[in-house]
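Peer 1: With the working numbering, the residue at position 497 of the sequence shown is 1529, and numbering never jumps.
Cβ atoms here follow ideal geometry from the backbone N, Cα and C, with glycine treated the same way.
Since the model is a prediction, treat every value here as computed from it, not as a measurement.
Below is the structure I would like to discuss, written out as structure tokens.
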Amino acid sequence: MRLRRLIFSVSLWICSCVLWAQVIEVSLKHRSGSETFRTQKTQIIDTLALPFWDDFSTSQLVPDSTKWLSGVHVNINRGRGLNPPSINVATFDGTDQHGIPYSDLDLRGEADSLVSQPINLSNIPPGLRNTLYFSFFWQKKGNGEIPENVDSLRLQFKDQNGVWSTVWSAVGGDTLYIENFKQEIIQVPFGPFQHAGFQFRFQSYGKLTGGYDNWHIDYVLLRTRRDENDLYLRDRTLSTYPTSIFKDFTAIPFEHYCGRADTFRDSTSITGFSLEPPGFPASIRFAAQIFDASSGILIDEMNNTDEDGLLFNGQLFTTLQANVIDTIALNNAKTDTSLVILTKFFIRTKDSLMFDFINPVSGDSVFFDDLDLTVNDTATALVTLDRHYAYDDGSAETAAGVNAMNGQLAYLYLLPVRDTLTDIQIYFPNVESDQADQSLRLKIWSRLNNQENVTHTQTIFINASDSLDKFTNYPLSKALLLGDSLFIGIQQTGLVPVFIGLDKNHNTGDRIYFNTSGSWQANTKIQGSLMLRPVFGNTDDILTPTDEPVSPNALTLFPNPAYEPRVRIEGPLDQIQRIRIFDIAGREIPSRFEKSQKVIEFSTLRNGIYVVHMYSPNKIHVKRLILLDK
Ligand SMILES: [Ca+2]
Ligand SMILES: [Ca+2]
Ligand SMILES: [Ca+2]
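Right under this line is the structure:
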């Protein structure tokens, strides 16, 4: 059956490339990996009591099993919804909790579901029985694939006889609520549904062969003392995650960043939302901070005032823009060769535990300990200083490829320094056509023009993707010394497109180029960042004109980082005839090599990155040396 589908798909691509050979975007097949089970909370559940509330802001990958039945199939994620009422949404598609499509046949039918734990509705006081309402926010498509008019999302309530009744549904086929969430509120009437084992479930119907026909659910609330107009809550939230503190990058090679914090730094921002009624303003304070993620040490506090100032208005989104990060603080945070920085925003609101007004006259209230409306007031993101560049946020929402014979895809990175490219990392997701074991050409260009002037090419194979968002590292058969600009990419062999993960949350589509007919064109169609990353500067780089293997007896410099321009070489020095030192701009620095003492001295007082070339008869051993202030 897979063969038949592939042939069908290929013929589709043949047709389409005649019409419009270009870069194309497809849905993912694989949504959540086996690791979902490790992160799933396990708890023995009694019947839940009212109120029921979940905005998914504290869940990862799978729903909280204290509230939802385990084995439910939706995926909790941070990137697939657009403008949710709070961070994270539950996404419905055509794959189960293992990421396996429900069917290999091209069928439509019952796809993902999200089923609540039983909730005890048998003891609602008579005076409140008509005030029990269920509300939620929903969206179709978002950063995913749009449902067709035969697809639907249904909300069902379970009655006392165990029968599920559909109480609400939405169908695909139009563009309503594909970018914004819509809130619904539905009465849970006394009688069939107010029993001790009440449950509700969302069920999607759509294509069963992959990550198609996306619906997103957020902010589910079931409680009494409501009516059909009770759409608001005293809750202020964060709706997105912080943008990168390094402009377009979520990762920069440590040594490209050193001394260039000004080149890369940017102010970070986040979007907040208020669930208060329209026009209802609330003054909030917020803090934006960055931390060394491994030590937890605060690097810089961009914002943290005690003064109220910024207004959140009910039912509106507000951007919180942090002050620019302090360069000195960033520089002081440098360790030796890598650093992971955590960006954290939190809003200081008057949010509290959820509560019920028991007596509107006296103002008496009862607070619910388990329902803390401040859980959605904090959001964090990581950026990495190590050996690679990344534009993507590490999670693919869709995938991109080229629909033409031998089509090529290239991705631009601008380099602030000359450096040695050693590896390429690519995330090949599972898509409807099985990509595993397919061969393709990995290509590197320093310039894209219409002559074939490839800097490097090698054949690679796609590994079967066994978990979500997992990159494969492809070492280059030869390290390449490159300057100013770099295009990395792929060329498929034949007609079948090769798809690379596409992060839809951060758009660097203007750096994607494609070649379907012998000439390069800039992408204008697809928005997102390819999950295609260059890796630089292995500590054992060897620049040779041939493909000689890296020497097992590698030479090292000690100490490195150094605090004075004098270091020792450790390792087999016999073959070393000469040593030269360059600064990062490529200028040679006067130096002296005392071979008998294994010591290099050089004349500079400037701290930064230096490149040490050690010449043996048929090789140049290249080492990076970091010089820091004492
Ligand atoms: Ca949420
Ligand atoms: Ca809140
Ligand atoms: Ca993403």
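What is the DSSP secondary structure of residue 1273, reduced to helix, strand or coil?
Peer 2: Residue numbering aside, residue 1273 sits at position 241 when the sequence shown is read from its first letter. Here residue 1273 carries a coil assignment [DSSP, helix/strand/coil].
Peer 1: With ligand 1 as the reference, list in chain order each residue whose Cβ lies under 7 Å from any of its heavy atoms.
Peer 2: Cβ-based neighbours of ligand 1 within the cut-off: 1087, 1088, 1089, 1116, 1117, 1118, 1119, 1120, 1121, 1250, 1251 and 1408.
Peer 1: Using only the alpha-carbon positions, how far apart do residue 1576 and residue 1476 sit?
Peer 2: Stepping through the sequence shown from its first residue, residue 1576 is reached at position 544. Stepping through the sequence shown from its first residue, residue 1476 is reached at position 444. In this prediction, residue 1576 scores a pLDDT of 37, lower than 50, which makes its location untrustworthy; no coordinate-derived value is stated.
Peer 1: Please state whether DSSP places residue 1356 in a helix, a strand or coil.
Peer 2: Along the sequence shown, read from residue 1 onward, the residue named residue 1356 stands at position 324. Coil at residue 1356, not helix or strand.
Peer 1: Counting pairs of beta carbons, one from the segment 1275 to 1293 and one from the segment 1123 to 1138, are three or more of them closer than 8 Å?
Peer 2: no
Peer 1: Return no unless some Cβ of chain B is closer than 7 Å to the Cβ of residue 1416.
Peer 2: Looking for chain B here will not work: only one protein chain is present.
Peer 1: Pull up the DSSP beta-bridge partners for residue 1640, would you.
Peer 2: Position 608 of the sequence shown, counting from 1, holds the residue named residue 1640. Residue 1640 pairs with 1659.
Peer 1: Determine the DSSP secondary structure at residue 1222, reduced to helix, strand or coil.
Peer 2: In the sequence shown, the residue the question calls residue 1222 occupies position 190. Of the three classes helix, strand and coil, the one that applies to residue 1222 here is coil, per DSSP.
Peer 1: Please find out if some non-hydrogen atom of ligand 2 comes closer than 6 Å to the beta-carbon of residue 1682.
Peer 2: It is not possible to answer for residue 1682, since the shown part of the chain is limited to 1033 through 1662.
Peer 1: According to DSSP, is residue 1566 part of a helix, a strand, or is it coil?
Peer 2: Position 534 of the sequence shown, counted from the start, is the residue given in the question as residue 1566. If DSSP states are grouped into helix, strand and coil, residue 1566 belongs with the strands.
Peer 1: At what residues does the alpha helix (DSSP H) containing residue 1294 begin and finish?
Peer 2: Working through the sequence shown from its first residue, we reach residue 1294 at position 262. Residue 1294 -> alpha helix (DSSP H) spans 1293 to 1296.
Peer 1: If you draw a straight line from the C-alpha of residue 1116 to the C-alpha of residue 1169, how long is it?
Peer 2: The residue you call residue 1116 lines up with position 84 of the sequence shown. The residue you call residue 1169 lines up with position 137 of the sequence shown. Straight-line Cα distance between these residues: approximately 8 Å.
Peer 1: For a test of the three-state rule: what should DSSP assign to residue 1648, helix, strand or coil?
Peer 2: Working through the sequence shown from its first residue, we reach residue 1648 at position 616. Residue 1648 falls in the strand class under three-state DSSP.
Peer 1: Which runs of the beta strand (DSSP E) at least 3 residues long sit entirely within the segment 1433 to 1494? Give them in chain order.
Peer 2: If only uninterrupted beta strand (DSSP E) runs of at least 3 residues are considered, those enclosed by the segment 1433 to 1494 are 1440 to 1446, 1451 to 1458, 1471 to 1477 and 1488 to 1493.
Peer 1: If I follow the unbroken beta strand (DSSP E) through residue 1634, where does it start and stop?
Peer 2: As a first step, residue 1634 is located in the sequence shown; it is residue number 602 there, counting from the start. Residue 1634 -> beta strand (DSSP E) spans 1631 to 1634.
Peer 1: Look at the alpha carbon of residue 1299 and the alpha carbon of residue 1373, and state the distance between them as a whole number of angstroms.
Peer 2: As a first step, residue 1299 must be located in the sequence shown, where it is residue number 267. As a first step, residue 1373 must be located in the sequence shown, where it is residue number 341. Residue 1299 and residue 1373: Cα-Cα distance of roughly 14 Å.
Peer 1: Pick from 1336, 1405, 1561 and 1436: whose alpha carbon is nearest that of residue 1459?
Peer 2: Mapped onto the sequence shown, residue 1459 falls at position 427. Out of 1336, 1405, 1561 and 1436, 1561 has the C-alpha closest to the C-alpha of residue 1459.
Peer 1: Considering only the beta carbon of each residue, do residue 1187 and residue 1195 sit closer than 7 Å?
Peer 2: Locating residue 1187 in the sequence shown gives position 155, counting from the first residue. Locating residue 1195 in the sequence shown gives position 163, counting from the first residue. Here residue 1187 is not near residue 1195, since their CB atoms are 7 Å or more apart.
Peer 1: Is residue 1537 close to ligand 3? I mean its beta-carbon at under 6 Å from any heavy atom of the ligand.
Peer 2: Taking the sequence shown and counting its residues from 1, the one referred to as residue 1537 is at position 505. Yes - ligand 3 has a heavy atom lying nearer than 6 Å to the Cβ of residue 1537.
Peer 1: Nearest by alpha-carbon distance to residue 1509: which of 1453, 1526, 1524 and 1537 is it?
Peer 2: Working through the sequence shown from its first residue, we reach residue 1509 at position 477. Comparing Cα positions, the closest option is 1453.
Peer 1: Within 10 angstroms of the Cβ of residue 1237, are there 16 or more other Cβ atoms? Answer buried if so, exposed if not.
Peer 2: Numbered from its first residue, the sequence shown carries residue 1237 at position 205. It is buried - the Cβ of residue 1237 has at least 16 other Cβ atoms within 10 Å.
Peer 1: Do residue 1425 and ligand 3 come close, with the Cβ less than 6 Å from some heavy atom?
Peer 2: Within the sequence shown, numbered from 1, the residue matching residue 1425 stands at position 393. Within 6 Å of the C-beta of residue 1425 there is at least one heavy atom belonging to ligand 3.
Peer 1: Give the range of the alpha helix (DSSP H) segment to which residue 1287 is assigned.
Peer 2: Indexing the sequence shown from 1 puts residue 1287 at position 255. Here the alpha helix (DSSP H) through residue 1287 covers 1286 to 1289.
Peer 1: What are the start and end residues of the beta strand (DSSP E) that includes residue 1199?
Peer 2: If you number the sequence shown from 1, residue 1199 lands on position 167. First-last of the beta strand (DSSP E) with residue 1199: 1196 to 1203.
Peer 1: May I ask you to report which of helix, strand or coil DSSP gives residue 1396?
Peer 2: Within the sequence shown, numbered from 1, the residue matching residue 1396 stands at position 364. Three-state DSSP puts residue 1396 in a strand.
Peer 1: Is it the case that the segment 1390 to 1403 contacts the segment 1505 to 1520, given that we only count it when at least three CB pairs across the two stretches are under 8 Å?
Peer 2: no
Peer 1: Use the C-beta contact count for residue 1360: other C-beta atoms within 10 angstroms, 16 or more gives buried, fewer gives exposed.
Peer 2: Locating residue 1360 in the sequence shown gives position 328, counting from the first residue. By the neighbour-count definition (other C-beta atoms within 10 Å, threshold 16), residue 1360 is an exposed residue.
Peer 1: On the three-state DSSP scale, how would you describe residue 1212?
Peer 2: Counted from its first residue, the sequence shown places residue 1212 at position 180. Coil.
Peer 1: Taking the alpha-carbon positions, what's the residue 1209 to residue 1171 distance?
Peer 2: Counting from one through the sequence shown, the residue named residue 1209 turns up at place 177. Counting from one through the sequence shown, the residue named residue 1171 turns up at place 139. Their Cα atoms are separated by approximately 5 Å.
Peer 1: Would you mind stating whether residue 1557 and residue 1429 have Cβ atoms separated by less than 7 Å?
Peer 2: Numbered from 1 along the sequence shown, position 525 holds the residue referred to as residue 1557. Numbered from 1 along the sequence shown, position 397 holds the residue referred to as residue 1429. Cβ atoms of residue 1557 and residue 1429: not closer than 7 Å.
Peer 1: Is residue 1405 near ligand 2, going by C-beta to nearest heavy atom under 6 Å?
Peer 2: Here residue 1405 refers to the residue found at position 373 of the sequence shown. Yes; taking the cut-off as 6 Å, the Cβ of residue 1405 has a heavy atom of ligand 2 nearer than that.
Peer 1: Leaving out the 5 sequence neighbours to the left and right, which residues in its chain are closer than 7 Å to residue 1069 when beta-carbon positions are compared?
Peer 2: Here residue 1069 corresponds to residue number 37 of the sequence shown, with the count starting at 1. With a pLDDT of only 34 at residue 1069, under 50, the local geometry of the prediction cannot be trusted, and no value is derived from it.
Peer 1: Can you check DSSP and say which residues form a bridge with residue 1345?
Peer 2: For the purposes of this step, residue 1345 is taken as residue 313 along the sequence shown, with counting starting at 1. Answer is 1313.
Peer 1: Is the Cβ-Cβ distance between residue 1289 and residue 1446 less than 7 Å?
Peer 2: In the sequence shown, residue 1289 corresponds to position 257, counting from 1. In the sequence shown, residue 1446 corresponds to position 414, counting from 1. Contact flag unset, no.
Peer 1: List, from N- to C-terminal side, the beta strand (DSSP E) runs of 3 residues or more that fit wholly inside the segment 1109 to 1158.
Peer 2: 1121 to 1124 and 1140 to 1147
Peer 1: Starting from the Cα of residue 1267, find the closest Cα among 1224, 1214 and 1387 and give me that residue.
Peer 2: Stepping through the sequence shown from its first residue, residue 1267 is reached at position 235. The candidate whose alpha carbon is nearest that of residue 1267 is 1387.
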